[in-house]
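Student:
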Amino acid sequence: MQSNPLQSGRSNPILSPSNLRQIASLVQDETGIVVNEEKESLVQSRLTRRLRTTKFADFDSYINFVRSADGRDEFMEMLRALTTNVTKFDREPHHFNDLRENVLPNLVDRVKAGGKLRMWSSACSTGEEAYTIAMELCDFFPEIERYDVKILATDLDSNVVESARSAVYLGRTIGELSAKRQKYFPPGAADRPTEKFAISKVARRLVKFNVLNLLHQWPFRGPFDVIFCRNVMIYFNRETQETLLKRFSDVSSKETRLYIGHSERLVGPAQSRFRSVGTTTYAYN
């Protein structure tokens, strides 16, 4: 790796307006995430730590490196530093209530008749969303392993995907769950907050995790019966939101349910392709 040791006496490299624009362009081109001037202090603080770790003396040198072929790994570290993976089990529970009460009955009947069921957690982070879907399925359909049911879970960040794939969570996290969720972890896990425990195999086997950039080509055609894409589009500009929603509609069918984040709304052509059936809950037309 090319490197420039930090100059003595210069512990805080200066992020110039030009540096911020270059970083914003790199991030948006790769992920669609908008980094504006309001995030200057966040970029300064988080990437200063990356400069110290990689021993670059200034942002100009660092940016030149992450743009290079040799800097691809550090480019991904930069993205991780600038994005936040906030998630938890049963987040926005009204979506799972709708899934259980209004979606699964018809889908399970179809599966029992020989059909298949496909769900997609499109920004899965460390896996809590995908495993909540799996637990909901197992509760509703105990004999699920006998049928053609799969949950695809994807995320841009290979680190969080690997964490999700391990299916291991701290006891303190498990302790926050309802009794019906805790049954998918070893007995007593909630009483040992600092230890880690794996989710049950029956839930784990339903989910397949992969790294995927939502802005790049998708290696599948669908259709998906259920798509979760929550609290992702808030980081995109309107054009990127419209493009992503249109692509979701392209992998949907007449029975598809789309769940988005509490601060998000449908925009562009997708407004005519999906209809609202609840809070941030949409059915394909």
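Just so we're aligned: 181 in the working numbering is position 170 of the sequence shown, and the numbers increase by one with no gaps anywhere. For each residue, glycine too, the CB sits at the ideal point set by N, CA and C.
What residue range is occupied by the uninterrupted beta strand (DSSP E) comprising Asn221?
Tutor: Start and end: Val218 to Val222.
Student: Helix, strand or coil for Phe196? Go by DSSP, reduced to three states.
Tutor: Note: Phe196 maps to coil in three-state DSSP.
Student: Can Leu26 and Gln55 be called in contact, C-beta distance under 7 Å?
Tutor: Yes, Cβ-Cβ distance for Leu26 and Gln55 is below 7 Å.
Student: Which parts of the stretch 207 to 267 are runs of the alpha helix (DSSP H), unbroken and 4 residues or longer, counting only runs that do not cross its ends?
Tutor: Correct list: 212 to 215 and 249 to 261.
Student: Compute the beta-carbon to beta-carbon distance between Asp236 and Leu118, rounded to the nearest angstrom, for a pair I have assumed lies under 8 Å.
Tutor: Sure, about 6 Å apart at Cβ, within 8 Å.
Student: Run the CB neighbour count on Pro323, radius 10 Å, all protein chains shown included, and call it buried at 16 or more, exposed below.
Tutor: The question about residue 323 has no answer here: the residues shown for the chain are numbered 12 through 296.
Student: Can the beta-carbon of Ala178 be found less than 7 Å from the beta-carbon of Arg203?
Tutor: Cβ distance not < 7 Å, so Ala178 and Arg203 don't count as in contact.
Student: What number of angstroms, rounded off, separates the C-alpha of Glu88 from the C-alpha of Leu167?
Tutor: Glu88 and Leu167: Cα-Cα distance of roughly 12 Å.
Student: Note down, one range per segment and in chain order, each alpha helix (DSSP H) of at least 4 residues found wholly within the stretch 89 to 152.
Tutor: Correct list: 104 to 109, 115 to 123 and 139 to 151.
Student: So who's on the other strand from Val288, going by DSSP bridges?
Tutor: Its beta-bridge partners do not exist; DSSP assigns none.
Student: Would you say the stretch 265 to 274 touches the stretch 283 to 294, given that touching needs at least three Cβ pairs under 8 Å?
Tutor: Touching, yes.
Student: Could you give the residue range of the alpha helix (DSSP H) that holds Thr64?
Tutor: It spans Glu51 to Thr65 - the alpha helix (DSSP H) in which Thr64 sits, taken as one unbroken run.
Student: Give me, in chain order, the residues of the same chain whose beta-carbon lies closer than 8 Å to that of Val278; leave out the 5 immediate sequence neighbours on both sides.
Tutor: Answer for Val278: Arg249, Gln252, Glu253 and Leu256, listed in chain order.
Student: Quick one: what does DSSP say Leu269 is sitting in, helix, strand or coil?
Tutor: Looking at Leu269 - three-state DSSP - the assignment turns out to be strand.
Student: Determine the extent of the beta strand (DSSP E) in which Thr184 is found, giving its start and end residues.
Tutor: Here Thr184 belongs to no beta strand (DSSP E); instead the alpha helix (DSSP H) covers Gly182 to Gly186.
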